[in-house]
Each structure stands twice: as C-alpha cells, then as structure tokens.
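Chemist:
Numbering (the UniProt record's numbering), first residue to last: 1 to 183.
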C-alpha cells in the first residue's frame with residue numbers, strides 16, 4: 001500500500017514539473033550545451049572529462065570568485081574596508097617577487113656557472129646531474145654544499161624586500177614552480 005502511495009506522489013510531482021515546464025519559454029542555451037556535451041562524450045574518455053573537466057571548473061570558479069576581491073583593492077572607496085592594513089597591495093607583491101627573481105636568478109646564474117668549473121664540478125655539482133632524463137622532483141637533488149651555495153640567493157631577495165609573510169609564500173610558490181618547470 002505504501003508503494004502505491006509513493007508512486008502516485010511521484011507521478012503527481014512529475015506531472016506538476018511537466019506542466020510548469022510547458023509554461024516556461026524555450027531555453028536558448030539548451031541546444032549549445034547539449035552539443036558541447038555530446039562532443040565531449042564522443043571525443044574524450046569519461047576519465048578525461050572527470051579529470052580535466054573538474055580542473056577547468058575548479059580554476060574558472062576559483063578565479064571568477066576571487067576577481068571581485070582582487071578588483072576592490074584598486075577602488076579607493078573600498079580601501080576603508082580592508083581588514084589587513086599591513087598586507088601588501090597585489091602590484092607591490094608582484095613587483096617585490098620580480099625583484100626577488102632578479103636577485104636570485106643573478107646569484108644562481110653566476111654561482112651555477114662556477115659549480116661547473118672543472119675543479120669543483122666532480123666534487124659538488126656532479127650529483128645534481130646524475131639523472132639522464134631530468135624531471136621536476138629531481139630539481140632539488142643536490143649535494144648539501146650546492147644547496148647552501150645556490151639556496152643563499154633565494155634568501156637574499158627575501159631579506160632585502162620581504163616585509164610580510166604573504167610575500168614570502170608568494171615567492172616560495174613562484175620559485176618552486178619555476179624550479180620544477182626548468183627541470
């Protein structure tokens with residue numbers, strides 16, 4: 001008896017939805033979305049759609065929802081609502097990260113060349129070149145002295161330009177991405 005009642009409730013609900021749907025105008029986006037979905041199903045595996053589709057949806061939504069907060073910092077009226085008064089502005093953050101990059105890249109370039117000198121290479125830097133096909137995780141595989149020598153350049157920019165922990169984190173992020181990318 002309970003089964004018959006639930007069937008009648010569902011059929012009534014279904015009729016109500018169909019009735020309301022018949023009153024609404026035709027959705028102009030339905031056909032393009034349907035075509036796009038069919039194209040994806042015909043050209044990509046479900047795994048690819050789930051993996052890359054989720055990544056794309058995540059990134060688009062993340063940056064879309066961050067956009068107002070990013071733009072508000074450039075509107076003078078909105079500055080009075082800024083909670084962290086000592087937090088650096090985005091353009092200053094980028095400028096300081098660029099300064100850190102110039103300092104660190106200059107340091108790294110000259111000392112890395114020095115580590116390739118024939119008297120030094122076999123004792124220190126050769127360890128870093130043990131892999132025949134380098135990849136991202138191998139980037140930090142090095143002799144402890146090489147880590148100290150080249151790593152010092154990373155901290156010079158931070159000591160000269162850093163006045164907030166967000167700058168430190170932004171610089172660490174940018175530097176790690178660059179390091180992994182070049183290997």
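In this text, a Cβ means the ideal position worked out from N, Cα and C, and glycines have one as well. Quantities reported herein were computed from a predicted structural model and do not represent experimental measurements.
To the nearest angstrom, report how far apart residue 202 and residue 83 are at their CA atoms.
Modeler: Here the chain comprises residues numbered 1 to 183, so residue 202 is not present and cannot be evaluated.
Chemist: Spatial neighbours of residue 99 within its chain, please: C-beta separation below 7 Å, excluding the five flanking residues on both sides.
Modeler: Only 157, 161 meet the Cβ criterion.
Chemist: Let me check you understand the geometry: is the CB of residue 121 closer than 7 Å to at least one non-hydrogen atom of the ligand PLP?
Modeler: Ligands are entirely absent from the displayed structure, and the ligand PLP is therefore not among its contents.
Chemist: Within 10 angstroms of its Cβ, does residue 69 collect 16 or more other Cβ (buried), or is it exposed?
Modeler: So residue 69 counts as exposed.
Chemist: Classify residue 141 as helix, strand or coil using the three-state DSSP reduction.
Modeler: In this structure, residue 141 counts as coil in the three-state DSSP scheme.
Chemist: Step through the CB atoms of chain C and report whether any lies within less than 8 Å of the CB of residue 15.
Modeler: Structure shown: chain C not included; a single protein chain is present.
Chemist: Counting only the same chain and skipping the five closest in sequence on each side, list residues whose C-beta sits under 8 Å from that of residue 79.
Modeler: These residues qualify, in order along the chain: 73.
Chemist: Going by alpha carbons, who is nearest to residue 107 out of 15, 155, 144, 132?
Modeler: Closest option to residue 107, Cα to Cα, is 155.
Chemist: Here's the rule: buried if 16 or more other CB atoms are within 10 angstroms of the residue's CB, otherwise exposed. What is residue 125?
Modeler: Buried, by the Cβ-count rule.
Chemist: With a 10 Å radius around its C-beta and 16 neighbouring C-beta atoms as the bar for buried, classify residue 97 as buried or exposed.
Modeler: Buried, since its Cβ has 16 or more Cβ neighbours within 10 Å.
Chemist: Buried or exposed for residue 171, going by 16 or more other Cβ atoms inside 10 Å?
Modeler: Residue 171 comes out buried.
Chemist: With C-beta atoms as the reference, is residue 139 less than 8 Å away from residue 179?
Modeler: Yes, they are a contact pair.
Chemist: Alpha carbon to alpha carbon, how far is residue 146 from residue 94?
Modeler: Their Cα atoms are separated by approximately 28 Å.
Chemist: Can residue 112 and residue 150 be called in contact, C-beta distance under 8 Å?
Modeler: Result yes, Cβ atoms of residue 112 and residue 150 sit closer than 8 Å.
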